[in-house]
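Trainee: Numbering (our numbering), first residue to last: 5 to 238.
Using N, Cα and C, we set each Cβ at its ideal position, and we do this for glycine too.
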Amino acid sequence: MLAYPAYYFVDENEYFYYIIFHMIICAIMCLTALIAHDIMFFTYVEHICGLFAVVRYKFEHAVNERAKSRTEKNTIDPDYLYYKNIAVSIRAHQKTLRLAKILEDTFSLSFAVQLLLITLCLSITLVQLSSQLHKSAEAIRYFVFFMAQLFHLFCFSFQGQKLINHSLETRDNIYHSLWYNIPVKKQRLLMFVMRKSIEANTITAGKIYVFSLEHFTTIVQSSMSYFTLLSSFT
5 MLAYPAYYFV DENEYFYYII FHMIICAIMC LTALIAHDIM FFTYVEHICG
55 LFAVVRYKFE HAVNERAKSR TEKNTIDPDY LYYKNIAVSI RAHQKTLRLA
105 KILEDTFSLS FAVQLLLITL CLSITLVQLS SQLHKSAEAI RYFVFFMAQL
155 FHLFCFSFQG QKLINHSLET RDNIYHSLWY NIPVKKQRLL MFVMRKSIEA
205 NTITAGKIYV FSLEHFTTIV QSSMSYFTLL SSFT
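1. Under the rule that 16 or more other beta-carbon atoms within 10 Å means buried, what is V117, buried or exposed?
2. Leaving out five residues before and five after Y19 in sequence, what residues of the same chain have Cβ atoms less than 8 Å from its Cβ?
3. Suppose you measure from the CA of I1 to the CA of A152; what does that come to, to the nearest Å?
4. Let's see if you can read the secondary structure: which residues bound the alpha helix (DSSP H) around I186?
5. Between which two residues does the alpha helix (DSSP H) holding Q163 run?
6. For the alpha helix (DSSP H) that I223 lies in, which residues bound it at each end?
7. From the DSSP secondary-structure annotation, give me the bridge partner or partners of A209.
8. Helix or strand or just coil, what does DSSP make of N89?
9. Buried or exposed for Q165, please, with buried defined as at least 16 other CB atoms from any protein chain shown within 10 angstroms of its CB.
10. I'd like to know if the region 219-226 and the region 187-206 are in contact, where contact means that at least 3 CB-CB pairs between them fall below 8 Å.
11. When the distance is taken between beta carbons, is T47 closer than 8 Å to S108?
12. For C125, which residues of its own chain have a beta-carbon under 6 Å away from its beta-carbon, when the five flanking residues on both sides are left out?
13. Looking at the structure shown, is Y19 part of a helix, part of a strand, or coil, going by DSSP?
14. Using alpha carbons as the reference points, say which of Y146, E142, L55, I106 lies closest to S244.
15. Alpha carbon to alpha carbon, what distance is there between V59 and L167?
16. Under 8 Å by Cβ, that's how I've got V131 and L234 pegged, so tell me the actual separation to the nearest angstrom.
17. Please report the distance separating the alpha-carbon of F63 from that of N89.
18. Leaving aside the five residues before and after F115 along the sequence, list all residues of the same chain whose C-beta is less than 6 Å from its C-beta, in chain order.
19. According to the neighbour-count rule (16 or more other Cβ atoms, all chains shown, within 10 Å of its Cβ), is Q163 buried or exposed?
20. Can you give me the C-alpha to C-alpha distance between F160 and T129, rounded to a whole angstrom?
21. Does DSSP classify Y11 as helix, strand or coil?
22. Cutting at 8 Å between CB atoms, please list the residues of its own chain near F147, excluding the five before and the five after it.
23. Select from C34, Y61, T221 the residue whose C-alpha is nearest the C-alpha of F155.
24. Below 8 Å between beta carbons: does that hold for A57 and N205?
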């Protein structure tokens with residue numbers, strides 16, 4: 005029994021071990037490329053989320069330190085320290101936003117192709133599963149394949165949702181800081197950052213589909229709709 009259906013134009017019984025060896029090599033190469041692509045993407049997302057966490061800490065620390073300095077006597081000008089810390093925080097925030105934009109532009113096209121394939125594969129796998137229910141071994145194999153595809157899509161959606169949450173938390177941290185204890189003129193610097201943080205950073209497929217937990221259910225529903233349509237023709 006072959007690992008997956010294939011026709012090699014030779015006698016399968018005579019060249020069985022050669023065919024199995026070729027299938028194993030092909031499977032390892034494909035899985036290695038897929039896993040490397042996904043791990044690299046997950047690493048980039050985690051790195052950007054970490055940068056957003058650092059930026060949030062910088063802003064919160066700068067604002068709270070400036071607010072406390074109004075009641076404490078310091079030898080160093082508090083306004084100078086405030087402007088310096090805010091400038092460093094703004095530059096770090098801009099670099100993080102640029103990195104998130106580069107990540108989105110880099111993976112957008114490949115994710116569009118992957119999303120199309122995953123949607124089609126989910127539907128076709130469900131069709132195969134429904135037609136092989138009388139065969140336990142085949143049904144289990146298609147069920148495992150379906151769950152693997154679903155988990156793969158969920159991982160992308162989870163990472164996309166994580167990036168959205170971290171990018172929006174910058175605005176929330178500034179809002180919940182001691183900004184109201186800072187002079188009005190000093191508060192204006194924070195407005196620029198909050199405006200940049202109103203719109204979340206996202207990971208999309210072809211600039212159309214946004215990877216998030218909310219949209220994850222949409223893809224599953226679409227796959228079920230295609231499955232129903234395909235089932236009507238079988």
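Mentor: Considering the structure as presented:
1. The count along the sequence shown starts at 1 and reaches residue 117 at position 113. By the 10 Å Cβ count, V117 comes out exposed.
2. Counting from 1 along the sequence shown, the entry for residue 19 is found at position 15. Hits under 8 Å: Y12.
3. Any answer about residue 1 is impossible in this case: the structure gives the chain only from 5 up to 238.
4. Here residue 186 is taken as the residue at index 182 of the sequence shown, counted from 1. No alpha helix (DSSP H) holds I186; DSSP gives it neither H nor E.
5. Start at 1 with the first residue of the sequence shown, and residue 163 comes out as number 159. 140-179 is the span of the alpha helix (DSSP H), which, as asked, contains Q163.
6. By one-based count along the sequence shown, residue 223 stands at place 219. Run containing I223: 217-237, per the alpha helix (DSSP H) assignment.
7. Along the sequence shown, read from residue 1 onward, the residue named residue 209 stands at position 205. Its beta-bridge partners are Y213.
8. Walking along the sequence shown from the start, residue 89 turns up at place 85. Looking at N89 - three-state DSSP - the assignment turns out to be helix.
9. Here residue 165 corresponds to residue number 161 of the sequence shown, with the count starting at 1. Answer is buried; the Cβ neighbour count reaches 16.
10. no
11. Counting from one through the sequence shown, the residue named residue 108 turns up at place 104. Counting from one through the sequence shown, the residue named residue 47 turns up at place 43. Note on identity: in this sequence residue 108 is Glu, with Ser being the wrong assignment. Not closer than 8 Å, so no.
12. Taking the sequence shown and counting its residues from 1, the one referred to as residue 125 is at position 121. Closer than 6 Å at the Cβ level, and outside the excluded window around C125, lie Q153.
13. Position 15 of the sequence shown, counted from the start, is the residue given in the question as residue 19. It is coil, neither helix nor strand.
14. Any answer about residue 244 is impossible in this case: the structure gives the chain only from 5 up to 238.
15. To locate residue 167, count along the sequence shown from 1; it is residue 163. To locate residue 59, count along the sequence shown from 1; it is residue 55. The straight-line gap from Cα to Cα measures roughly 14 Å.
16. Mapped onto the sequence shown, residue 131 falls at position 127. Mapped onto the sequence shown, residue 234 falls at position 230. V131 to L234, Cβ: 5 Å. Contact.
17. Translated into the one-based positions of the sequence shown, residue 63 becomes position 59. Translated into the one-based positions of the sequence shown, residue 89 becomes position 85. Between F63 and N89, the C-alpha separation is close to 8 Å.
18. Taking the sequence shown and counting its residues from 1, one reaches residue 115 at position 111. Around F115: A209.
19. Here the question's residue 163 lines up with position 159 in the sequence shown. Flag for Q163 reads buried.
20. As a working mapping, residue 160 is identified with position 156 in the sequence shown. As a working mapping, residue 129 is identified with position 125 in the sequence shown. Roughly 20 Å between the two C-alpha positions.
21. Indexing the sequence shown from 1 puts residue 11 at position 7. Coil.
22. Mapped onto the sequence shown, residue 147 falls at position 143. For F147, where only same-chain residues beyond five positions count, the Cβ hits under 8 Å are L133.
23. Here residue 155 corresponds to residue number 151 of the sequence shown, with the count starting at 1. Nearest option by C-alpha distance: T221.
24. By 1-based counting over the sequence shown, the position of residue 57 is 53. By 1-based counting over the sequence shown, the position of residue 205 is 201. Contact: no.
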